[in-house]
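Worksheet: one structure, shown below.
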Amino acid sequence: MLREVLNRKQNALFILPFVAIVQEKIWSLAPFALQLDFLVEEYAAGKGHIPPKKRRKKNSIYIATIEKGLALIRSLVELGRLNELGLIVVDELHLIGEAGRGSTLETLLTTVIFANQGIQIVGMSATIGNLPDIARFLNADVYEKQFRPVELTEYVKLGDVLHRIVWDGGAMEIFPERQLAFDYSAAGATLDPDYLGGLVSEVVPQASCLVFCPTKRNCENVAALLCKLQRREMSSHRAAERA
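Encoded structure:
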């Protein structure tokens with residue numbers, strides 16, 4: 026994107042799935058924009074001017090959610106200004122297969138493809154299953170790497186037994202690893218029958234732990250549960266830094 030705005034003097038559009046990620050990316054790119062003299066514009070929730078303001082002296086990187094990105098593209102098409110864009114980067118491209126928002130992302134990409142303005146599209150994802158199909162749809166080259174900076178070991182909990190997942194030539198095998206047993210009180214066992222708190226305590230506080238939940242309400246409930254189950258020594262962990 027930096028090459029697009031600085032060398033090619035074209036605007037770039039960065040599509041991200043959520044408002045919070047858009048705002049995070051705005052913050053991370055802002056120092057570069059100040060030092061290198063280009064603009065970073067937010068298109069999320071109620072923010073973003075449709076159509077985008079035409080700049081004479083500076084080029085812009087538009088950071089947008091899927092919905093705002095489509096609105097921006099449509100406004101540029103209607104005004105005959107789509108050629109101001111040179112690059113579109115789509116993060117989490119696999120969302121194109123989801124119900125609801127997937128059709129919005131597909132419409133955005135289809136509009137750009139059929140406008141035939143020579144705009145480069147870069148899609149990124151770590152979880153696309155039908156990569157060749159997506160590549161044909163976008164008329165794109167595929168760049169794929171298996172490198173991970175940290176080795177990933179997968180486990181699945183069935184009952185109170187933790188199983189290790191091993192992938193062999195595309196086939197998945199499951200091997201029992203160990204029986205889970207945590208020092209829960211009767212009240213703790215009632216609160217957390219799935220041993221989520223115990224599993225988290227194996228990692229925290231020595232390292233960080235990320236727990237995914239399906240809904241916002243579920244996130245709040247799990248956070249409250251983990252607070253109730255935390256060990257007493259957790260309150261004194263790195264206390265000097267928090268003072």
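Sequential numbering of the sequence shown, starting at 26, is according to our numbering.
Where is the CB? At the ideal position from N, CA and C, for every residue including glycine.
Being a predicted model, the structure only gives us computed values, none of them experimental.
Exercise for review: Going by DSSP, name the residue or residues bridged to TRP52.
Suggested key: Position 27 of the sequence shown holds residue 52. Note: TRP52 sits in no beta bridge, so no partner.
Review point. By how many angstroms is the C-alpha of MET26 removed from the C-alpha of ILE36?
Key: To locate residue 36, count along the sequence shown from 1; it is residue 11. To locate residue 26, count along the sequence shown from 1; it is residue 1. Note that residue 36 is Asn in the sequence shown, not Ile. Computed Cα separation, rounded: 8 Å.
Exercise for review: Please name the residue in LYS93, LYS83 and LEU64 whose C-alpha comes closest to that of PRO76.
Suggested key: Translated into positions along the sequence shown, residue 76 becomes position 51. That would be LYS93, whose Cα lies nearest to the Cα of PRO76.
Practice item. Given a cut-off of 7 Å, decide if HIS119 and ILE91 are closer than it, judged by their beta-carbon atoms. Key: As a position in the sequence shown, residue 91 is number 66, starting the count at 1. As a position in the sequence shown, residue 119 is number 94, starting the count at 1. No.
Practice item. Closer than 7 Å by C-beta to ARG80: which residues in its own chain qualify, once you throw out the five before and the five after it? Chain order, please. Key: The residue you call residue 80 lines up with position 55 of the sequence shown. If we look at ARG80 and ignore the five residues flanking it on each side, its Cβ neighbours are LEU64.
Practice item. Could you tell me if ASP219 is buried or exposed, where buried requires 16 or more neighbouring beta carbons within 10 angstroms of its beta carbon? Key: Locating residue 219 in the sequence shown gives position 194, counting from the first residue. Flag for ASP219 reads exposed.
Point to revise | Three-state secondary structure (DSSP) of ALA69 | key: Along the sequence shown, read from residue 1 onward, the residue named residue 69 stands at position 44. Reduced to three states, the DSSP call for ALA69 is coil.
Review point. With distances taken between CB atoms, is the gap from LEU187 to LEU205 smaller than 7 Å?
Key: One-based indexing of the sequence shown puts residue 187 at position 162. One-based indexing of the sequence shown puts residue 205 at position 180. Yes.
Review point. Tell me which same chain residues have a C-beta within less than 6 Å of the C-beta of GLN145, skipping the five on either side of it?
Key: Counting from 1 along the sequence shown, the entry for residue 145 is found at position 120. Here the set comprises LEU112.
Point to revise | Coarse secondary structure for HIS74, derived from DSSP in three states | key: Residue 74 sits at position 49 when you count from the first residue of the sequence shown. Correct three-state label for HIS74: coil.
Point to revise | Cα-Cα separation between PHE237 and VAL30, rounded to whole angstroms | key: For this step, residue 237 is matched to residue 212 along the sequence shown. For this step, residue 30 is matched to residue 5 along the sequence shown. Straight-line measurement puts the Cα of VAL30 at about 36 Å from the Cα of PHE237.
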